[in-house]
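Report on the structure given below.
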Amino acid sequence: MNKSIKFLLGDDHNIVRQGLQFIIGDVVENPEIIHASSLEQILEQIKSNSFDIAILDAQFPDGNSLSIIAEIKQIQPEIKILIFTSFEEENYSLKFINEGADGFLNKLSEEIEIQKAIQEMIEKGSSFPPFTTKMLQLSDEHIALLNPLNQLTERELEIAILYAKGYGNLEIANSLSVRQNTVSTFKKRIFDKLKVETLVDLIDLVRIHHDI
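According to the working numbering, the sequence shown is numbered sequentially starting from 993.
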């Protein structure tokens, strides 16, 4: 590439940023690259520098990047945002895209796939994996059906939301006037339906797909 392209790499793990910088160097000639390790640092850089492309993780110790995409776009409308994350494409990509992200890529992608995504962000301004591309071609009604929380019953969703708000089993049992072992049973059903293994995964999923 002949044009000097400026990148913002946002990830709380330095090894990820360094790896991305190495890959970008194989795709772009003389890129300008600035690093950020938190949402706060990302916004500081956005306010003080002009970028062509931001490659951001989805989750940081100080919050989820979903919460700052709109602000980034307001400050720099022309910037292109690629979400580079370990979050599953099926459950998360459309949520980030609807908020204003221009691309989505899983961190387990091969190096050649990452290179391709960067090239597409430069040339087309967007980059989506195959599943997300298909989903973007569907109607809004079909997309709404992809919310994984739609699989839950009303009571299961209620309990999932309480977990996301920080309630423990005893607090949920007292709040709903049920026994603790009943809450545990519901928790297992919720985990099975949503295919999550930890409470942290459940909380992330609820916070992405439901306003709490």
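The beta carbon of each residue, even a glycine, is placed where N, CA and C say it ideally should be.
Predicted, not measured: the structure shown is a model, and the values here were computed from it.
Item to check | Q1051 - partner residues in DSSP beta bridges | outcome: Residue 1051 sits at position 59 when you count from the first residue of the sequence shown. Partner(s): N1056.
Checklist entry - Counting only runs that start and end within the segment 1045 to 1124, where is the alpha helix (DSSP H) found for 4 or more residues in a row? => result 1061 to 1067, 1081 to 1091 and 1103 to 1115
Checklist entry - If you run the structure through DSSP and keep just helix, strand and coil, what is G1002? => result On the sequence shown, residue 1002 is found 10 positions in, with the first residue counted as 1. G1002: strand per DSSP, three-state reduction.
Checklist entry - In terms of DSSP beta bridges, what is A1028 paired with? => result Taking the first residue of the sequence shown as position 1, residue 1028 is located at position 36. A1028 pairs with G1002.
Checklist entry - Between the segment 994 to 1006 and the segment 1039 to 1050, do at least 3 Cβ pairs fall closer than 8 angstroms? => result yes
Checklist entry - What's the C-alpha gap between M993 and I1016? => result One-based indexing of the sequence shown puts residue 993 at position 1. One-based indexing of the sequence shown puts residue 1016 at position 24. Because M993 sits at a pLDDT of 45, beneath the cut-off of 50, its placement in the model cannot be relied upon, and the following sentence gives the value as read from the coordinates. Approximately 11 angstroms between the Cα atoms of the pair.
Item to check | Buried or exposed by the 16-neighbour rule on C-beta atoms within 10 Å, applied to V1188 | outcome: Locating residue 1188 in the sequence shown gives position 196, where the first residue counts as 1. The residue is buried, with at least 16 neighbouring Cβ atoms inside 10 Å.
Next on the checklist: Looking only at its chain, what residues have a beta carbon closer than 8 angstroms to the beta carbon of L1074, apart from the 5 residues adjacent to it on each side?
Outcome noted: Translated into positions along the sequence shown, residue 1074 becomes position 82. Within the same chain, L1074 has close Cβ partners I1045, A1046, I1047, L1048, A1093, D1094, G1095, F1096, L1097, A1109, I1110, M1113 and S1119.
Checklist entry - To the nearest angstrom, how far is it from the Cα of L1194 to the Cα of L1186? => result Here the question's residue 1194 lines up with position 202 in the sequence shown. Here the question's residue 1186 lines up with position 194 in the sequence shown. Their backbone Cα atoms lie some 8 angstroms apart in a straight line.
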